[in-house]
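Structure first, then comments.
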Amino acid sequence: EIYRLLRERELPIPETWETYISVHGSTKENWEHILPKMGYMAKLRNLRNFLDKGVDLEPVLEHLTNRKAVRNSKQFPFRFFSAYRELENHPSPETPAVLESLETALSISVENVPEFKGTTFLSADNSGSMQAPVSARSKVKRAEVADLLQAIANEICDKAITSVFAQGFKVVHTIKSAGILANTRRFLETNVGMATNAFLAIRYLNKERIHVDRILLFSDMQCYDTRDPGRYLGWPQGASLAEELKNYKASVNPEVYLYSLDLAGYGTAQFPKDEARVCMIAGWSERLLNFIPLYESLGTGGLEAIDKIRLEELDEARKRAREEEPFEE
C-alpha cells in the first residue's frame, strides 16, 4: 500500500511545524495549535515569531527552562546568546520574561562545569579578525563566542579577573548576579580597537604584579609579535605573549597555568611547544572548560581526557552545525 501511495503521490505529509505553518499561515492560533509538536530547538528558533504573534508563552518558557529538556537539547551556549541578542530589543511586554528564561536555560546548560579554585585571569579577544562568524551558516561571531565563554568561566571561578583585548586592553569588572548573557554583552560593548596585541593582557599582570593561579585566553590566536618588525610598529622589542608569560613566571608566579583556547582552529601557536603548564586547545564549546580542573589534578595524564573531549565535541559540532540556521523570520 505504501508503494502505491508513493507512486500515486498520495502519501500523507507528516504534520511538522514547518509544513503546518507553511500551509495554514503564521498566526497566533496556528502556532498554539502546533506548539505541542515542536521540539526544544524549534521553540528556541521561533521565539521572535511567538512574540510577534502574541502566542501564549507560558508553556514555551516552561519547556525552555526545564532542566531535563535543557540537558537533552545539547545546545551550544551561543545558541542562547544568539536568541538573547535577536530579542533583547523586541517591543513586546513579554520580552523581559523571555530574556530571563534564556538566562536560566543557559545557566542550567553549564551548571555541571566544575568550579575553578583560586584566582583565575580571563581575557577575551575582541579584535577585527574575531568579527568573523564561527561557521559559514552562522550569524554568531567568534568574538561573541569568546566573550560568552569568558562569562561562563567567570561564573564558575572562585575568584576571577575578567578583561578584553585587541589593539588595547581593559579589565571589565562584572557582577555574577547580572547573569552570563548580560555580562557577555558587557564584554562585547567594551571597545579596545581592532588589532590583536594579546601580550597586553599578561603585561597587565606583570605591571600590577597580580598573583593568579591560571590564565585563560579566548582568541583565534592571530596575535601580534613585535619581534617581526615588518608587521608591528610602535611596541618595544620582544612584546609577545610568550615573552610576557616568561616574565610573569620569573617574577610573579612560576607555577601559573596558561590555557590558550583557539576558537578558530587555525593551529597558530603563540607559545613554545611542550612548555610546562601551558595548554593550547582548539574548539568553541563550554565542554573545553571541563578539562582545566582535570588537567590540574592529573597533570599530563589529563591529556588523554582532552583527547576524549575533542572527539566528543567534534561529533557534537558536526551535528549542531547542520542545525545552525538563522532565526525564523
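Counting along the sequence shown from 1, when you hit position 182 you're at 270 in our numbering, and nothing is skipped either side.
Don't be surprised by glycine CBs; every beta carbon is placed ideally from N, CA and C.
The model shown is predicted, which means the values in this text are computed figures rather than measured ones.
Is residue i helix, strand or coil when you go by DSSP?
| i | result |
| --- | --- |
| F168 | helix |
| W323 | In this prediction, W323 scores a pLDDT of 49, lower than 50, which makes its location untrustworthy; no coordinate-derived value is stated. |
| A157 | helix |
| M129 | helix |
| T272 | helix |
| V111 | helix |
| A289 | helix |
| N137 | helix |
| L145 | coil |
| P179 | coil |
| P102 | coil |
| K361 | coil |
| S373 | coil |
| N118 | helix |
When the Cα atoms are used, what is the spatial distance from residue i to residue j?
| i | j | result |
| --- | --- | --- |
| A171 | L190 | 8 Å |
| Y128 | Q163 | 9 Å |
| K295 | E176 | 38 Å |
| M126 | S195 | 23 Å |
| D144 | T262 | 34 Å |
| G206 | W105 | 48 Å |
| K141 | G113 | 11 Å |
| A327 | A283 | 14 Å |
| R291 | I244 | 25 Å |
| I298 | K334 | 15 Å |
| P165 | T272 | 11 Å |
| A248 | F209 | 6 Å |
| A289 | S211 | 7 Å |
| A130 | P124 | 11 Å |
Buried or exposed for residue i, please, with buried defined as at least 16 other CB atoms from any protein chain shown within 10 angstroms of its CB.
| i | result |
| --- | --- |
| A224 | exposed |
| D308 | buried |
| E232 | buried |
| L187 | buried |
| Q219 | exposed |
| L386 | exposed |
| R155 | exposed |
| R302 | buried |
| A266 | exposed |
| D235 | buried |
According to DSSP, which residues form a beta bridge with residue i?
| i | result |
| --- | --- |
| V368 | The question names Val, but residue 368 is Met in the sequence shown. Beta-bridge pairing links M368 to S348. |
| I303 | F209, L346 |
| K258 | V252 |
Under 7 Å from any heavy atom of the ligand GDP, does the C-beta of residue i make it?
| i | result |
| --- | --- |
| Y108 | Of ligands this structure carries none, so the ligand GDP is not represented either. |
Pick out the complete alpha helix (DSSP H) segments inside the segment 192-252, 4 residues or longer, and give them in chain order. 230-244
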